[in-house]
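Heads up: the structure comes next, in structure tokens.
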Amino acid sequence: KSGRQSKNTIELDSSDDLGEDGEVQQVSWFSRKRKSIDRVNRRLRRACRKAVKSQAFYWLIIILVFLNTGVLATEHYRQPPWLDDFQEYTNMFFVALFTMEMLLKMYSLGFQGYFVSLFNRFDCFVVIGSIGEMILTSTQIMPPLGVSVLRCVRLLRVFKVTKYWQSLSNLVASLLNSIQSIASLLLLLFLFIVIFALLGMQVLVESLILIVPLINPAPISIASYKVYSQCFRYLQVKIGIWLCTTEYKHMVV
């Protein structure tokens with residue numbers, strides 16, 4: 001009996017050793033796979049970082065920014081439908097390209113390294129704003145006026161050139177540094193605008209009258225100097241006769 005018990009214990013010990021060896025082999029296989037994946041990941045990130053910081057990538061981004069700006073500049077009032085379609089598709093194309101650029105930089109530099117740069121934060125904001133504008137345009141959630149305001153975010157991509165154009169970047173940095181010194185001058189100009197708006201309310205409140213005899217014989221008062229908010233926004237010049245091409249043919253001041 002003692003011989004059988006010792007034999008059974010030896011078999012159990014050997015099976016335990018085999019189980020431990022299998023677990024060790026499995027863990028080592030996973031560790032080898034993880035090390036190989038990490039090695040490939042490091043190589044890819046190194047290659048992406050080299051591509052992102054290359055001169056060809058630099059000029060490619062500048063060309064894409066100027067092309068996108070040129071397409072945005074073609075938008076005008078009462079444009080043909082084919083131009084609407086062209087602008088929509090090119091907008092989607094450029095948004096996809098700039099999104100790929102942002103993701104490539106995030107992958108190569110890492111999230112922490114990417115968001116250290118202020119230009120990268122600005123680029124991320126512009127890309128997210130463009131994607132949001134495209135989603136709102138396709139789903140028609142926001143009215144056209146709000147969508148047109150969001151489209152102005154795409155024009156901010158022009159400032160990406162300052163990152164690659166050293167002289168322009170220095171000029172923008174100088175302007176930003178000089179804002180603090182000219183803040184008092186801007187405040188003084190604002191006070192001048194307020195003073196002259198109040199002066200216009202007191203002097204010209206009853207002088208600007210439109211007479212349209214062809215449409216309405218009664219004089220029509222211009223909403224310019226009777227309310228402070230309107231006189232603050234509008235600048236009107238007395239020139240005698242206005243020629244209007246939209247609603248009225250001749251207007252006499």
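Taking full-length UniProt numbering, the leading residue of the sequence shown gets 1, the next gets one more, and so forth. We put the CB at the ideal spot given by N, CA and C, even for glycine.
*Taking buried to mean at least 16 other C-beta atoms within 10 Å of its own C-beta, is F94 buried or exposed?*
Buried, since its Cβ has 16 or more Cβ neighbours within 10 Å.
*Whole-angstrom distance between L109 and residue 292, CA atom to CA atom*: Because residue 292 is not part of the residues shown, which for the chain are 1 to 253, the question remains open.
*Which of helix, strand or coil does DSSP assign to I141?*
Of the three classes helix, strand and coil, the one that applies to I141 here is coil, per DSSP.
*asked:* Helix, strand or coil, according to DSSP, for A96 in the structure here?
replied: Helix, per DSSP.
*In this structure, does DSSP put I135 in helix, strand or coil?*
In this structure, I135 counts as helix in the three-state DSSP scheme.
*Within its chain, find whatever has a CB closer than 6 Å to the CB of K105; leave out the 5 residues flanking it on each side and keep chain order.*
These residues qualify, in order along the chain: V52 and Y114.
_Between the stretch 68-82 and the stretch 42-52, can you find at least three pairs of beta-carbon atoms closer than 8 Å?_
With a cut-off of 8 Å, the stretch 68-82 and the stretch 42-52 do not count as touching, because too few Cβ pairs lie within range.
_Between the CA atoms of D85 and V116 - distance to the nearest angstrom_ = Roughly 38 Å between the two C-alpha positions.
_N177, buried or exposed, once every other Cβ within 10 Å from all chains shown has been counted against 16_ = It counts as exposed.
*asked:* So, with DSSP's three-state summary, where would you put R78?
replied: Judged by DSSP in its simplified three-state form, R78 adopts coil rather than helix or strand.
*asked:* Using a Cβ-Cβ cutoff of less than 7 Å, which residues in the same chain neighbour V153 once the five nearest sequence positions on both sides are dropped?
replied: Annotation for V153: V126, G129, S130 and E133 place their beta carbon closer than 7 Å to its own, counting only its chain and skipping 5 residues before and after.
*Once you ignore the five residues that flank Q79 on each side, which residues in its own chain have a CB closer than 6 Å to its CB?*
Taken in chain order, the list of residues that qualify is empty.
*Along the alpha helix (DSSP H) that carries F66, what are the first and last residues, could you check?*
Counting along the chain, the alpha helix (DSSP H) containing F66 begins and ends at Q55 to A73.
*asked:* Determine whether the beta carbon atoms of V65 and R157 lie at a separation below 8 Å.
replied: It is a contact, given that the beta carbons lie within the stated cut-off.
*asked:* Between which residues of its own chain and M92 is the CB-CB distance below 7 Å, once the five residues before and five after are set aside?
replied: Excluding sequence positions up to five before and after M92, its CB lies within less than 7 Å of the CB of M134, all in the same chain and listed in chain order.
_Distance check for S184 and residue 255, CA to CA, integer angstroms please._
With the chain running from 1 to 253 in the structure shown, residue 255 is simply not present.
_Quick check: the Cα distance between S169 and I179, rounded to an integer number of angstroms?_
In a straight line, the C-alpha of S169 is about 16 Å away from that of I179.
*CA-CA distance, L171 and S181?*
Annotation: L171 to S181 spans about 16 Å, alpha carbon to alpha carbon.
_Assigned secondary structure, F115 (DSSP; H/G/I helix, E/B strand, else coil)_ = Coil.
*asked:* Can you tell me where the alpha helix (DSSP H) holding S174 begins and where it ends?
replied: Per DSSP, the unbroken alpha helix (DSSP H) holding S174 starts and ends at Q166 to I179.
*So, are the CB atoms of D123 and M102 less than 8 Å apart?*
Against a cut-off of 8 Å, the Cβ pair of M102 and D123 comes out as a contact.
*Which word fits F30, buried or exposed, when buried means at least 16 other C-beta atoms lie within 10 angstroms of its C-beta?*
Exposed: under 16 other Cβ atoms inside 10 Å.
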